[in-house]
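Residue numbers (this note's numbering): 1 to 794.
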Amino acid sequence: MEKTLIVCGQSPLLSSHLSFSPIIKYLQERQAKQNGTSEKHLNDLMQKIALTPELTLPIEDLDIVNKNAELIGSMMNLVYPKSKENGIDFYAVAAPLSSSTVYSSSRLPNFFLTGDSNHPFIKDEGRTNFFEAQLEMAYQLILNNFYGLEELHNNTFVHPVVDPASGIEKLLEIDLVAEFIEVKLIGKLPEIDPALLSKLFRQKTNDAFFTEQLPLCLFAFEGVLIIKLRDVTVRESINKIKNTLLVMPCFGDVKSFETIQEQVRKLIEIPDVKICITSRVRKNTQGDKIPVLNQHTFLLQPSYLIEDDSNEWLYIKRIFEERSSFIIQGTSDLLLRQYPFLQSYADGGIKSLIMYPLRSGKELMGVLSIVSETPERIKQYHILKLEQVIPLLELALGKQSEKMDDEVDKIIKEQFTAVQSSVNWKFTETARNFIIQKNNHQECKIESIVFENVYPLYGAIDVRNSSVERSIALQKDLFDQLLLADAIIRKSKRELYLFSLQEISFRIEKYINIASVVLFPGDEMAIQSFLDEEIADLFHHLKIAIPAIQVDIENYFLSLNTSTRKMSRQCTAFEESIAMINNELVKFITHEQIKVQKIYAHYFEYFVTDGVDFNIYIGQSITPGKPFDQFYLKNLKLWQLTTLVKAAQKVRRLQGSMKIPLDTTQLILAHNKPLSISFKKAERKFDVDGAYNMHYEIIKKRIDKIKIMGSSERLTQPGKIAIVFAQNKEAQEYTSYIEFLQNEGLLEGVIEYYDLEDLPGVRGLKALRVSINMEKKEEVYPIHVTNYQLPVTG
Numbered sequence: 001m002e003k004t005l006i007v008c009g010q011s012p013l014l015s016s017h018l019s020f021s022p023i024i025k026y027l028q029e030r031q032a033k034q035n036g037t038s039e040k041h042l043n044d045l046m047q048k049i050a051l052t053p054e055l056t057l058p059i060e061d062l063d064i065v066n067k068n069a070e071l072i073g074s075m076m077n078l079v080y081p082k083s084k085e086n087g088i089d090f091y092a093v094a095a096p097l098s099s100s101t102v103y104s105s106s107r108l109p110n111f112f113l114t115g116d117s118n119h120p121f122i123k124d125e126g127r128t129n130f131f132e133a134q135l136e137m138a139y140q141l142i143l144n145n146f147y148g149l150e151e152l153h154n155n156t157f158v159h160p161v162v163d164p165a166s167g168i169e170k171l172l173e174i175d176l177v178a179e180f181i182e183v184k185l186i187g188k189l190p191e192i193d194p195a196l197l198s199k200l201f202r203q204k205t206n207d208a209f210f211t212e213q214l215p216l217c218l219f220a221f222e223g224v225l226i227i228k229l230r231d232v233t234v235r236e237s238i239n240k241i242k243n244t245l246l247v248m249p250c251f252g253d254v255k256s257f258e259t260i261q262e263q264v265r266k267l268i269e270i271p272d273v274k275i276c277i278t279s280r281v282r283k284n285t286q287g288d289k290i291p292v293l294n295q296h297t298f299l300l301q302p303s304y305l306i307e308d309d310s311n312e313w314l315y316i317k318r319i320f321e322e323r324s325s326f327i328i329q330g331t332s333d334l335l336l337r338q339y340p341f342l343q344s345y346a347d348g349g350i351k352s353l354i355m356y357p358l359r360s361g362k363e364l365m366g367v368l369s370i371v372s373e374t375p376e377r378i379k380q381y382h383i384l385k386l387e388q389v390i391p392l393l394e395l396a397l398g399k400q401s402e403k404m405d406d407e408v409d410k411i412i413k414e415q416f417t418a419v420q421s422s423v424n425w426k427f428t429e430t431a432r433n434f435i436i437q438k439n440n441h442q443e444c445k446i447e448s449i450v451f452e453n454v455y456p457l458y459g460a461i462d463v464r465n466s467s468v469e470r471s472i473a474l475q476k477d478l479f480d481q482l483l484l485a486d487a488i489i490r491k492s493k494r495e496l497y498l499f500s501l502q503e504i505s506f507r508i509e510k511y512i513n514i515a516s517v518v519l520f521p522g523d524e525m526a527i528q529s530f531l532d533e534e535i536a537d538l539f540h541h542l543k544i545a546i547p548a549i550q551v552d553i554e555n556y557f558l559s560l561n562t563s564t565r566k567m568s569r570q571c572t573a574f575e576e577s578i579a580m581i582n583n584e585l586v587k588f589i590t591h592e593q594i595k596v597q598k599i600y601a602h603y604f605e606y607f608v609t610d611g612v613d614f615n616i617y618i619g620q621s622i623t624p625g626k627p628f629d630q631f632y633l634k635n636l637k638l639w640q641l642t643t644l645v646k647a648a649q650k651v652r653r654l655q656g657s658m659k660i661p662l663d664t665t666q667l668i669l670a671h672n673k674p675l676s677i678s679f680k681k682a683e684r685k686f687d688v689d690g691a692y693n694m695h696y697e698i699i700k701k702r703i704d705k706i707k708i709m710g711s712s713e714r715l716t717q718p719g720k721i722a723i724v725f726a727q728n729k730e731a732q733e734y735t736s737y738i739e740f741l742q743n744e745g746l747l748e749g750v751i752e753y754y755d756l757e758d759l760p761g762v763r764g765l766k767a768l769r770v771s772i773n774m775e776k777k778e779e780v781y782p783i784h785v786t787n788y789q790l791p792v793t794g
């Protein structure tokens, strides 16, 4: 067995001695346990060792290693016989915590070692460099031998090395084995809690602690370090390919594909090959060409797709019905006539290649090609090295139809919005048409999303006087903050008489009087500025000048909101009450929508502000697969009316849990004429089309605060539901719905009829209004949840 001697400096940080004594002891124990003459070679070796006493002592002169290289080789062959050596690939021997290898197996590549005495034989790179690993091993030995800790982890890392012959980067897994290293204490052992040592050692971020509290100069290391090396290029390359395929944004992502290409080069050990994936194109039921890959990849050409009804694809398909791979060592006119699909490769300068089929089940989905511009560069045996890669590529290619769906979803989200299932088909159709145009190099344009002749339903549940309640909460917070500041100023005046305190006290009293009545916006800004600037600065000064009020000032600042530096108890209570109402309404309406969508699919969207507004559109163009009938429209109107009534009852039952009791008003806009809606990309929502239809939108936006004609009373009132209409037949229809719900006990009292005030651009509106039975007990209906999704806006 050959030896390799490297002259490198040993680490000056500790006492380290090369010694084969631990290995000799191991062989002696093995000799004592042998049966008969089963290990004659071992007996002969031990006799030779007995005649070489310098090997049993610490070695300072490396000439001893050179002189006894053959004997050392025999010893190491018994420790790592050739059968085992094949398992670990190769190994080297060094002194403990030394960067000097004194011996290696014959299979250790010369390019892996260095004769430079100023550097270790492995390049230091980050945490996993050779010296770091040895240092970690040294402390592991110390913890095992002197603090009773079990082995905490192995000392293994992966190191890249470039083979100068091929130019290919190899990945070697390096395992430092301390089995034949003995450690002795040469100083006083520090008293450190073993549990703390174990914790810090496992964290691997506490080097300073160990070097300071447990210096290596207290210990001596003697023996040999075994450096086991294993070529894991294949394993690591396969893992790299697998991980790249998992995270690559699409199969045609150039950066990801270059990573895969580089790993394939490592696998077959050819640095200049390129790979490509050829994907077929299938046709959908409408005859449109749908690529299996949403972005195909051919690194020699920007695009390379084959239609599945083309002669080119039929040639490829026929080839792989008869064989599992296809190899070309050179191109010729005869070969190109026989296999015309190779023309695109030849045009790219390809002289040799291997093609391998990629299948999804039994279906041929594409072809992997490994190509070179050098004739006979690629051999048949190279495909054997790719057997582990092929299933990964097949899996990735098999998911490309899903990638198409993902691309469609991406376009929908970028160009449109998140949509519900009732209209998702239209967005999907539009996105697919866009992708087909792009892949066919046509002028790409996103078509408009339009639904014609749909019936609109609009409902609104608004928190009553939310703007007024919010202003009252703000006023109360300002008032409370002024009172608290006033108390501190009064206490300060008793401790320290200053004219400025008298003036501040006067202004606080003035602002308290203002805040106790009507608070106008200008007053609000003046008071808040006074508190934020003058009072805050003054209190920081008084906190030092008057120790007796220090706690009072600290409590004052603690009472303020940490982000706004304002008192916000009442405002917070108000917003929490609003949130409680909105959450309950959204949950309730969403669940109710799931049930009614099953009857006839329609578009539904809701907007959350101080309450919930919702739009509904129903018609044949939204659900082309099911005939539309007015019966479905009437059913949806009755559902809308019932849902708003039950929502009002739910909010009333919530009042006992609200910090600030709030109530809601309920409003419906009746409209019996169909209209058209289109998706507005700028607003990312549907809106009506046409000048006539816009009148409906104007009414929607202006009726929330509409008043009864000839009075100052708003139409919408707590405990009641109002239906705004323009035509008498709409009133008749909703009157029948109201009478039904009165019979059900949800509504009560007399139906009120009103003419409504004129609004800008809106005249002649009328309304029905009826009381809600707030005492009606809640009925629980089972809800069967489906995959239906609702868009949230606002």
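Ideal Cβ placement from N, Cα and C applies to all residues, glycine included.
If you check the beta carbons only, do S104 and A95 fall under 7 Å apart? no
Below 7 Å CB to CB, which residues in the same chain sit around D755 once its five sequence neighbours on both sides are set aside? Residues M709, K766 of the same chain have their beta carbon placed closer than 7 Å to that of D755, with the five preceding and five following residues left out of the count.
Would you tell me roughly how many angstroms separate the C-alpha atoms of L560 and S568, rounded to the nearest one? Separation of L560 and S568 (C-alpha to C-alpha, rounded to the nearest whole angstrom) is 7 Å.
In the structure shown, what three-state DSSP assignment does G126 receive? Only weak support is given to the placement of G126: the predicted model assigns it a pLDDT of 37, under 50, and the question is left unresolved by the model.
Should L501 and S492 be called a contact, given that it needs their Cβ atoms to be closer than 7 Å? yes
How far does the alpha helix (DSSP H) with P627 in it reach, from first residue to last? Segment: none, P627 is in no alpha helix (DSSP H) and carries neither H nor E.
Between the alpha carbons of E739 and V724, how many angstroms are there, rounded? 17 Å
Have a look at Q343 and R337 and give me their C-alpha separation to the nearest angstrom. 9 Å
Quick one: Cα of V770 to Cα of Y511, how far? Note on geometry: alpha-carbon atoms of V770 and Y511 lie some 45 Å from one another.
First through last residue of the beta strand (DSSP E) which encompasses G522: Counting along the chain, G522 falls outside any beta strand (DSSP E), though it belongs to the alpha helix (DSSP H) covering 521-529.
Give the straight-line distance between the Cα atoms of L42 and L55, rounded to the nearest whole angstrom. One C-alpha to the other measures close to 16 Å.
Member of T374, M525, T430, L636 whose CA lies at the smallest distance from the CA of G459: L636
Continuous beta strand (DSSP E) stretch holding S678: start and end: 675-680
Going straight from the alpha carbon of L386 to that of S237, what length do you get? 11 Å
With contact counted as at least three CB pairs below 8 Å, one residue from each stretch, are the region 745-755 and the region 690-705 in contact? Contact between the region 745-755 and the region 690-705 is absent: fewer than 3 CB-CB pairs across the two stretches fall below 8 Å.
Is DSSP giving F499 helix, strand or coil here? helix
If you follow the alpha helix (DSSP H) that A536 is part of, which residue opens it and which one closes it? In this chain, the alpha helix (DSSP H) harbouring A536 covers 536-545.
Proximity of E182 and E136 at Cβ, strictly below 7 Å: no
R565: buried (16+ other C-beta within 10 angstroms of its C-beta) or exposed? exposed
Could you tell me the distance, in whole angstroms, from the CA atom of S15 to the CA atom of A220? 5 Å
So, is K800 buried or exposed, given that buried needs 16 or more other C-beta atoms within 10 angstroms? Past the edges of the chain, shown from 1 to 794, lies residue 800, and the structure says nothing about it.
Would you identify the three-state DSSP class for Q329, choosing helix, strand or coil? coil
Residue span of the alpha helix (DSSP H) that contains H41, given as start and end: 40-50
Straight-line CA distance for L335 to R359? 25 Å
Using beta-carbon positions only, say whether E321 and K351 come within less than 7 Å of one another. For the 7 Å CB-CB criterion, E321 and K351 do not form a contact.
Under 7 Å between C-beta atoms of S657 and S448: no
With DSSP run on the structure shown, which of helix, strand or coil describes Q666? strand
Taking DSSP as the reference, what is the three-state secondary structure of Y632? helix
Residue burial classification, M75 (beta-carbon count within 10 angstroms, cutoff 16): buried
Pick from D347, R318, Q140, Q380: whose alpha carbon is nearest that of I328? Q380
Opposite Y455 in the DSSP bridges: which residues? Looking at the DSSP output, Y455 bridges to I618.
What do you get for N68, buried or exposed, if any count of 16 or more other CB atoms within 10 angstroms of its CB means buried? Burial call: buried.
If you run the structure through DSSP and keep just helix, strand and coil, what is F180? Secondary structure of F180 (DSSP, three-state): coil.
At which residues does the beta strand (DSSP E) containing D552 begin and terminate? If you look at D552, you'll find it isn't in any beta strand (DSSP E); it sits in the alpha helix (DSSP H) that goes 550-558.
Cβ pair L633, Y737 closer than 7 Å: no
Span separating the alpha-carbon of S471 from that of Q597: 40 Å
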